[in-house]
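Following: one structure in structure tokens, then a few remarks.
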Amino acid sequence: MRYKVLILFAFYMLFSLSIGNQSAFASTVNKVLNVPTIKSATTTSLGTLMIKEEYPMTLKKGDILCVNLPSYIAMKQVHIDFFYDYDVTTVNSAVYSLSANDFKNMTCFSDNDNILSMQVENEQNFTLKINKIPENSTAKTFRFYIYFDSVTCKIKATDGDETKVILDGSGGFSSDTQTIAKVYAYGNGTTASAISSETLTDLGGETGTIVIKENGPGALEINTDTSDPDNCKEQKTVKLVLSAGVSWTSANIIATGGFTNSDIGYLIDVDSSGRSVLYLQINNKTTDATGSGRITLTGEVDVDSSIAQPGEIYAYYEGSNPGVSTATLTVATFKMPGCKVGNSTPTEVIAGHKDQAIGDIIIMQGLTGDLTSGRTVTFTLPEGVKWRSYPTNNAKMLDQATPVGSDGRTIKYTVPFPQPGSSSCILRNGSVDLAFDAPSQIEITVGGSVFSTEGKTIVANVITPIKLTASETDIFVGKQKQAVGDLIINETVAGTLRALDRNQSRAVLEIMLPPGVTFNKDNPPVVKVTDGDLVLFTDQVGLDSENQRTLLIPVSKSSSVSSTIEISNVILDVNRMVPEGSVKVEVGGTALTETDDLFNGSQNFLKAVIANCPTAAPQEIKTKAIFTIDSNSYEFNDKKYDMDVAPYIKNDRTYGPVRYIAYALGLNEQDVQWDASSQTVTLMHGGRVVQMKAGQPTMLVQGTEISIDAEPEIIEPGRLMLPYRWAASALNGNITWDADKKQVTVQNY
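In the UniProt record's numbering, the protein residues as written are 1 to 749.
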């Protein structure tokens, strides 16, 4: 620690003093000119140590430099050389040349006419003292070199140790610690490094350059013999193991230093883990006479893109050879060919509108040549969005787009010719048509042969032009005249509700209830504008003449400021077929969307929950009947009766005879009327009238036509058959299905 303090202090003082006084506090520059690798239990040489004045006249008579080496180093031969540019006439080259005997017996050189005197203390330490300096000032600097020609590195040296020379100076000599050699205890080991890294694709390629350098002669031991060169895979192995999915195919090896090209060969194989291995054949061993060896290699490799992971590819240097010092080398970067889609700057578009501009689409090449002739690009829009204007590229990197399929959502481009470099392709000026129920963001799915995997990019955020607000009131099945809360329609964009449709006819706003729920015709809703300048034909507001499920609101003038519509006095009739759960109202119509001709009905409406239909309370069972598939008998209130037809299953529906289902629900024979000419059955029960006709996927309940998902059909001996669920629901019955027993249970409450 003392030496560090002295150095920092000298540094501080140097910059604190004026330039005129700089030389008074300057010190020597101590530098090791070369750092050899030495082997324990051998006689070798250390690096050369240079001592020089940084500024003239820094050193003064009597200044001392102590040179100290580690305990595992024993000096045998040292000499010191001077330069001839110092103004002292008695300077000679090789003033001192010390032998082993000098270091074993303390040697003291008395002051004389030489510049330096030396005192040897032991095999690790000696001291130099300045005896003489120029009598007159000089612009020349003094320097000398210490050569450690012969030292013994003792056996106790540790592999990897840095041999330090400690310089303890006084006066003009700097104190310092320098690395003068590095120790390798066994065979000196090897150092492996990757001095370059290449790019690989799915077509393979070449690795970067790998260098394996012996840190001392004889580090790598022979692992082959003439009778069996494959021994290199079994004994004293030297291996380069590649990352999974990458395989060696060949190698180019250059052996230099103590090796010749014939000394090094290779074999390629696969290890027990399935990874590709390059085994180095060490046919000859370097010696002190040849010097350390150096192996430089590059390899050709194949890539299995189904296994290899994009990113850095490693060669693991390992093996049982004593000279191997394991290392992980980055020899390549694996990049999947194929473009990627960049981040777009989304625009804002309005649901239900046509020709809405979207953001740019950016295609970035992963590798040069990804955009090559004949490859394709596809853009697919989400449900509820269709292309109006296809995006284009001014640089003509892609041909004009063509549609794919008939839904208007996908377009395809073709690369007309190879694109030089790796520049990006930017497509602009695209526009789309949106359904009123379009998603909140337009996220394009990007595909085609220029991409290795599908990508996605968001090109627009969708604004819903109206906001629906409704209170969720409980309503109950089978009840009439049930009041629910008001429905509020807020325009979020002025002019959303149009006065004229696309055909320049009067535009209408539609409020539609789900099947089984109708507006009470005796108490129609009240509609009014509560905010803004929207004008409605309020005197023409009414229910659809064909059913009571739809409220029609014609628009007189569109708004110039966002407006609000309030629909109050909403009274509902609910039949027995309405399922439990949320009751949603749909808002749409020609006043709201200009794209209703482009999208199916469900995409042209915005939905809001207007009521909830909770689970009905348990009721007393009046009748109960059990029908078994393919059986001509049924149970009614625990008694068995015969039928002239058997129930069956068709298209995953259980069909039964309407007459016997009616009997099971408590109807008498006079309550079931059959009209053979029109093939229509009429059922009357508790003031409720239901009609079904063979071959028609509808039924009339209290005069209201209701769609069903199966058609009644006639089978021998002239029985009208219908799925149990629809027949029971129409008559306020309930059914359950036991799949194991293949039984339908019909209950009447």
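Cβ atoms here follow ideal geometry from the backbone N, Cα and C, with glycine treated the same way.
Could you round the C-beta distance between V541 and V529 to whole angstroms and report it? I think they count as a contact, below 8 Å.
Not a contact, Cβ separation roughly 12 Å.
Would DSSP call D370 helix, strand or coil?
Three-state result, D370: coil.
Determine, using beta carbons only, whether E491 and S563 come nearer to each other than 8 Å.
Result yes, Cβ atoms of E491 and S563 sit closer than 8 Å.
Along the chain, where does the alpha helix (DSSP H) containing Y663 start, and where does it finish?
Unbroken alpha helix (DSSP H) run through Y663: 658-664.
Hey, out of S137, E300, A139, D370, whose CA is closest to T207's CA?
Ranking S137, E300, A139, D370 by Cα distance to T207 puts E300 first.
Mark N503 as exposed unless 16 or more other C-beta atoms lie within 10 angstroms of its C-beta, in which case mark it buried.
Classification of N503: exposed, given that the 10 Å Cβ count is below 16.
Assign S545 to one of two classes, buried (16 or more other C-beta atoms within 10 Å of its C-beta) or exposed (fewer than that).
Per the 10 Å Cβ criterion, exposed.
Among residues of its own chain, excluding the 5 on either side of G47, which ones have a beta-carbon nearer than 7 Å to its beta-carbon?
Answer for G47: V32, L33, N34, V35, P36, I180, A181, listed in chain order.
Count the other CB atoms, across all protein chains shown, that sit within 10 Å of the CB of I115; report buried if there are 16 or more and exposed otherwise.
Looking at its Cβ environment, which holds 16 or more other Cβ atoms inside 10 Å, I115 is buried.
On a Cα-Cα basis, can you pick out the residue from A395, Q365, L509, A401 that is closest to T380?
For the residues A395, Q365, L509, A401, the minimum Cα distance to T380 belongs to A401.
To the nearest whole angstrom, what separates the beta carbons of T286 and G218, a pair I think is in contact under 8 Å?
That pair is a contact at about 6 Å.
What does a CB cutoff of less than 8 Å around R275 pick up in its chain, not counting 5 residues either side in sequence?
Answer for R275: V241, L242, S243, A244, listed in chain order.
Could you give the first and the last residue of the continuous beta strand (DSSP E) run that contains R576?
Looking at the DSSP string, R576 is not in any beta strand (DSSP E), and its letter there is neither H nor E.
Pull up the CB-CB distance for Y559 and A494, whole angstroms please, since I reckon it's below 8 Å.
For the record, residue 559 in the displayed sequence is Ser; it is not Tyr. Right, their Cβ atoms sit about 5 Å apart.
Find the nearest neighbour of L143 within the set F82, Q673, L427, I708, judged by alpha-carbon distance.
According to the sequence displayed, residue 143 carries Arg and not Leu. Ranking F82, Q673, L427, I708 by Cα distance to R143 puts F82 first.
For residue 788, which of G293, I706, M699, S247 has the nearest alpha-carbon?
Here the chain has residues from 1 to 749 only, and residue 788 is not among them.
Is the segment 125-137 in contact with the segment 38-45, if contact means three or more CB pairs nearer than 8 Å?
Because the criterion of three Cβ pairs below 8 Å is not met, the segment 125-137 and the segment 38-45 do not touch.
Only counting the same chain, and skipping five residues up and downstream in sequence, which positions put a Cβ closer than 6 Å to that of F537?
Counting only Cβ-Cβ distances below 6 Å, and skipping sequence neighbours, we find P554, S556.
My parser needs the beta strand (DSSP E) runs of 3 or more residues fully inside the segment 387-450; what are they?
Segments of the beta strand (DSSP E) lying fully in the segment 387-450: 402-404, 410-414, 425-427, 431-434, 441-447.
Buried or exposed: which applies to Q365, given that a residue is buried once 16 or more other Cβ atoms fall within 10 Å of its Cβ?
By the 10 Å Cβ count, Q365 comes out buried.
What residues match up with P554 in a beta bridge as DSSP calls it?
For P554, which the question treats as bridged, DSSP gives the partners V508.
For V570, which residues of its own chain have a beta-carbon under 8 Å away from its beta-carbon, when the five flanking residues on both sides are left out?
Here the set comprises A483, V484, G485, D486, L487, F519, P525, I610.
Here's a check: name, in chain order, each residue in its chain whose Cβ is nearer than 6 Å to the Cβ of P416, leaving out the five neighbours to either side.
Here the set comprises D399.
Please classify P697 as buried or exposed, where buried requires at least 16 other C-beta atoms within 10 Å of its C-beta.
The residue in question, P697, is exposed, as its Cβ has fewer than 16 Cβ neighbours within 10 Å.
Please classify T328: is it buried, with 16 or more other beta-carbons within 10 angstroms of its beta-carbon, or exposed?
When all chains shown are included, T328 counts as exposed.
List the endpoints of the continuous beta strand (DSSP E) containing Y634.
Here the beta strand (DSSP E) through Y634 covers 633-636.
Near P391, what residues of its chain come up, given a Cβ to Cβ distance below 8 Å and the 5 sequence neighbours on each side ignored?
I358, D360, I361, F379, A401, L427, R428, N429, G430, listed in sequence order.
Candidates T680, N651, K741: which alpha carbon is nearest D709's?
Of T680, N651, K741, the residue nearest in Cα terms is N651.
Tell me which residue opens and which closes the beta strand (DSSP E) that S247 is part of.
Note, S247: beta strand (DSSP E), 246-257.
Count Cβ pairs between the segment 508-517 and the segment 583-596 that sit closer than 8 Å; are there 3 or more?
They touch, by the three-pair rule.
Under 8 Å between the Cβ atoms of M684 and D671?
Yes.
Considering Cα atoms alone, identify which of K335, S389, Y413 is closest to S373.
When only C-alpha atoms are compared, the closest one is Y413.
By Cβ distance below 6 Å, which residues in the same chain neighbour W726 in space, the five residues on each side in sequence not counted?
Cβ neighbours of W726 beyond the five flanking positions: I708.
Output the distance between the C-alpha atoms of H79 and K61, rounded to the nearest integer angstrom.
Going by the C-alpha atoms only, they are around 22 Å apart.
Candidates S197, T464, N68: which alpha carbon is nearest Q119's?
The candidate whose alpha carbon is nearest that of Q119 is N68.
What does a CB cutoff of less than 6 Å around R498 pick up in its chain, not counting 5 residues either side in sequence?
Excluding sequence neighbours, R498 sits near A507, S558, A591.
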